[in-house]
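I have placed the structure first, in the form of C-alpha cells, so that the comments after it can refer back to it.
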C-alpha cells in the first residue's frame, strides 16, 4: 500500500553549493517523521548544486531561468503530490521541526489552509530582522505564486502560526560576493519592470529594499520616498500597503531623520493601527526628540501589541517585514533611560529587572545603580549584584561596581559604611570593602588574615579604587615588598593618583612618612621599586612638594 504524502517540500535553486547541504540536512527530521517528498527545481546551476541535491532526493527537475520568480516557483509546485506544500530556499535552515512534525502527525493540519513560520533574516552575523512568512499551504488547483521578482503566494485562511524558525543567510552582508550577485540581479530586473511600469509602487518599494540591503542608503531613501509619493499622489488607501510606511520608517530611523520619522509614523497610525514597527519607530523618534511622555505612550503600545502579536494586523500582513519583534529588551532599556531622565526611579527599577540580555544590560547598569541609591535601597542594590548578576559575564559586575563607586561619592560616610558592610561578604570587591571597614574601625580582623586576602587580589588588573588597599598598607605600616612585590609601577602610580584625589592631606602625610621611614634601611628589590614610585609621584606633584 502506497502511503499518501502529507507534505511536498518544494525548492528552486541555482548555484547554491555553499548553502544547499545545510538546508537539506535541516529537513531530514521532517522527511523521516512525516510522509513527505523533496522536490528540487534547478534553474541553471553550473556548480555542484545538482550533485548535492541528488544525494537527498531523486526528484530533481530542470528548467531554464526566465527572470520570473513566480513562474519558476509555480513550476516547482507543479511536481508536488502531497496534501500540503512546504516552501524553503537553499540559503535557509529549518530550526527545530518538532512542532511541524506534531502538526502533521495529528489531525490538526486538517483545520487549517496555510501556515506561517518565523524567519530570521541575517544582515550581519550579529544582526537580523524578523518576519512571519507563509511557507506551508494546503495544495489545491488554485494555489500559486504571483509577482515576477518578489513572488507572493495566494493565501487561504485560517492560518496556523508555527514557533519553528527559518534562519536565512541570503542577505548576509559579510558575504560580499553573494550580496553583489543578488543585488545586481534584483536591481536589474526591477529597473526593467519600472521602465514598463514607472508608477508601480511595489517595484519602487522593492528597489528601495535592494539598495538599502547593499548599503546604497541615499538611493534606498529616494526609492522609498518615490513609492510613498506615488501612493499619495494617486490617493491610494495605504491600509493594504503598510509596508510602504514600515520600510520608509526604517530608513528614516537609520538616517537619524527623527522629525520626518515621527510625522510618518503618526500618519501611519491614523491609516491602520496594530503594526509593531510603527509604534517602535515612533517611540524611538520621540525619545530622540525629547518628547518623553509621547515616547512612553508608544513604547507601552509596542509592548501591548507584542503581548498578543499573533492576532495583530501586522502579524497577518505577509507583505511586511518586522524589524522590532525581538527588540523588547531594547524597549525596556529605553524606558529605563527615559524614566531616569524623569527621575522616576521606581519605573527604572521595574523595567531594568526585565532585562536579561547582558549586552542590553550594559547600557543601563549605571541608571540601575542610581535608582537604588536615590531610593536608599541598599540591601536591594547589593542583592542585585550578588544574585541577578551572579551568572552574567564578569564585565557586568565590573560596570556595576564602577558605577556604584562613582555614585557613592555623593553619599554620607554613614551610608557608605552600611553599603561597604553589605558588600564585604562577597568576592574581591568584598575584600576591598572589608579593608575599608577595618580602616574605619568598623571591623576587626587579624593583620595576618588581611595580608592573606591582599595577596590573593590581582591588583595589576583592578580598577583605580582598589587604591584603598594601598591606603590601608600605608596606615598600618605593613611590608609593601611582601604584599605588593608583583605590582607594576604604572599600576601603583594609578593607585597613588586615586588616593591623592580622595584623601589629599592624609595621603600626603602617610606617603611622605613611608618615604622617610624607609630611607637608610636595607630594602629588597621589590621595596626599592615601590619606594621609588612614591618618591617620583610626590616629586612630580607640585602641591605635594610645597
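Residue numbers (the numbering used here): -14 to 531.
Glycine included, each C-beta is placed from N, C-alpha and C at the ideal position.
{"query": "For a test of the three-state rule: what should DSSP assign to residue 50, helix, strand or coil?", "result": "coil"}
{"query": "For the alpha helix (DSSP H) holding residue 402, just list the boundary residues, first then last.", "result": "398 to 408"}
{"query": "Tell me which residues share the same chain as residue 514 and place their Cβ nearer than 6 Å to its Cβ, disregarding the 5 neighbours each side in the sequence.", "result": "none"}
{"query": "Please state the DSSP three-state secondary structure of residue 154.", "result": "coil"}
{"query": "Given the structure, does residue 342 come close to the ligand MN, in the sense that its CB is under 8 Å from one of the ligand's heavy atoms?", "result": "What this structure holds is no ligand at all, so the ligand MN is not there to describe."}
{"query": "Is residue 413 helix, strand or coil by DSSP?", "result": "helix"}
{"query": "Per DSSP, residue -5 forms a beta bridge with which residues?", "result": "24 and 72"}
{"query": "Look at residue 458 and residue 469 and say whether their C-beta atoms are less than 9 Å apart.", "result": "yes"}
{"query": "Tell me, which residues are paired with residue 138 by DSSP?", "result": "130"}
{"query": "Per DSSP, residue 105 is paired with what?", "result": "115 and 152"}
{"query": "Tell me, to the nearest whole angstrom, how far the beta carbon of residue 314 is from that of residue 341; I am working on the premise that it is less than 8 Å.", "result": "7 Å"}
{"query": "Please name the residue in 305, 304, 338 and 302 whose C-alpha comes closest to that of residue 318.", "result": "338"}
{"query": "What separation, rounded to the nearest whole angstrom, lies between the Cα atoms of residue 554 and residue 302?", "result": "The requested residue 554 is not part of the displayed model; the chain covers only -14 to 531."}
{"query": "Let me make sure I understand the geometry here. Which of 218, 432 and -10 has the alpha-carbon closest to that of residue 90?", "result": "-10"}
{"query": "Spatial neighbours of residue 479 within its chain, please: CB distance less than 7 Å, with the 5 preceding and 5 following residues excluded, ordered by chain position.", "result": "449"}
{"query": "Is it true that the CB of residue 246 sits closer than 9 Å to the CB of residue 280?", "result": "no"}
{"query": "Please go through the same chain and pick out, in chain order, the residues whose beta-carbon is closer than 6 Å to the beta-carbon of residue 50, but skip the five residues on each side of it.", "result": "28 and 29"}
{"query": "Let me check one thing: in DSSP terms, what residues is residue 45 bridge-paired to?", "result": "25"}
{"query": "Give me the Cα-Cα distance between residue 532 and residue 266, rounded to the nearest whole angstrom.", "result": "One cannot answer for residue 532 here, as it falls past the ends of the chain, which runs -14 to 531."}
{"query": "Starting from residue 379 and walking both ways along the alpha helix (DSSP H), at which residues does that stretch end?", "result": "379 to 392"}
{"query": "Evaluate residue 421 with the Cβ neighbour count: other Cβ atoms within 10 Å of its Cβ, from every protein chain shown; 16 or more gives buried, anything less gives exposed.", "result": "buried"}
{"query": "Mark residue 47 as exposed unless 16 or more other C-beta atoms lie within 10 angstroms of its C-beta, in which case mark it buried.", "result": "exposed"}
{"query": "For a test of the three-state rule: what should DSSP assign to residue 529, helix, strand or coil?", "result": "Reliability fails at residue 529, whose pLDDT of 45 lies under 50, so the model's placement of it is uncertain and the value that follows must be treated cautiously. Residue state, collapsed to three classes: helix."}
{"query": "Helix, strand or coil: which one does DSSP assign to residue 97?", "result": "coil"}
{"query": "Buried or exposed for residue 531, please, with buried defined as at least 16 other CB atoms from any protein chain shown within 10 angstroms of its CB.", "result": "At residue 531 the pLDDT is 47, less than 50, meaning the model places this residue with poor confidence and gives no usable figure here."}
{"query": "Helix, strand or coil for residue 305, going by three-state DSSP, please let me know.", "result": "coil"}
{"query": "Do you know how far the Cα of residue 518 is from the Cα of residue 526?", "result": "12 Å"}
{"query": "With the cut-off set at 9 Å, would you say residue 208 and residue 190 are in Cβ contact?", "result": "yes"}
{"query": "Determine the closest residue to residue 323 out of 232, 277 and 400, with distance taken between C-alpha atoms.", "result": "277"}
{"query": "What's the call for residue 573, buried or exposed, on a 16-neighbour Cβ count within 10 Å?", "result": "No answer is possible for residue 573: it lies beyond the span of the chain, which begins at -14 and ends at 531."}
{"query": "Tell me the start and end of each unbroken alpha helix (DSSP H) in the region 409 to 483 that is at least 4 residues and wholly inside, in chain order.", "result": "412 to 424, 432 to 441, 452 to 461 and 465 to 469"}
{"query": "Any idea what DSSP makes of residue -14, helix, strand or coil?", "result": "Only weak support exists for where residue -14 lies, its pLDDT of 42 falling under 50; the value from the coordinates is given anyway. Coil at residue -14, not helix or strand."}
{"query": "Determine the DSSP secondary structure at residue 144, reduced to helix, strand or coil.", "result": "strand"}
{"query": "Measuring straight from C-alpha to C-alpha, what distance separates residue 364 and residue 71?", "result": "55 Å"}
{"query": "Check residue 16 in the structure and name its three-state DSSP category.", "result": "helix"}
{"query": "Report the option in 335, 404 and 68 whose CA atom is closest to the CA atom of residue 534.", "result": "Within the shown structure, residues of the chain are numbered from -14 to 531, placing residue 534 beyond reach of any answer."}
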